[in-house]
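Residue numbers (this note's numbering): 19 to 156. Encoded as structure tokens, the structure appears first; notes follow it.
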Amino acid sequence: MDADGQRHAILRPPSIVILLDTNALIWLEQGHRRSQALARSSARLHISPASILELQFLVEAGRLRLKNTTLLDVSHDERWTLDDPPAAAWFHKAADLSWTRDPFDRLIVAHARLRGWRLATGDDLLIARLPESERLVV
């Protein structure tokens, strides 16, 4: 309460919300050193359905082996939340990203932009193309 006996709301900065690129998700899931800052962060972490599909592709191609876990476990891990953006708006935003031919990069960047979240990534192309305000380098 102030001197006049009125209550005032305490303004707290909004918590940071981060969408994990697939590489950041893999690093967090596997405890890689590049994910340490994210693991210690108080930011709210989210993953994209596009990352789950990309993980499946990587597993099928033999390029990734999940450590004692399944894709379902990754989807429901308590360290992050699986976000489900509206498909039409998400895909329209992805269609505007002609600077990459990688469909997963398009979808994940579009997801982050649609939500207004920063993208945690170690992907050199994304780091080069996204403004600092839209990315978090891991």
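The beta-carbon is built from N, C-alpha and C at its ideal position, and this holds for glycine as well.
If you draw a straight line from the C-alpha of Ser69 to the C-alpha of Ile44, how long is it? 10 Å
Could you tell me the distance, in whole angstroms, from the CA atom of His94 to the CA atom of Arg147? 30 Å
Measuring CA to CA, which of Leu84, Leu56, Glu78, Leu125 is closest to Asp101? Leu125
Should Thr88 be labelled buried (16 or more other beta-carbon atoms within 10 Å of its own) or exposed? exposed
Out of Gly134, Ser60, Ala106, state which residue places its alpha-carbon closest to the alpha-carbon of Ser33. Ser60
Count the other C-beta atoms from every protein chain shown that fall within 10 angstroms of the C-beta of Pro6, then say buried if there are 16 or more, exposed otherwise. Any question about residue 6 goes unanswered here, given that the chain covers just 19 to 156.
Which partner residues does Ile36 have in the DSSP bridge list? Leu63, Arg136
Residue-chain proximity (Gly140, chain D), Cβ-Cβ < 8 Å: The chain labelled as chain D is not found in the depicted structure, where only one protein chain is given.
Assigned secondary structure, Val155 (DSSP; H/G/I helix, E/B strand, else coil): strand
Boundaries (first-last residue) of the alpha helix (DSSP H) holding Lys111: 105-113
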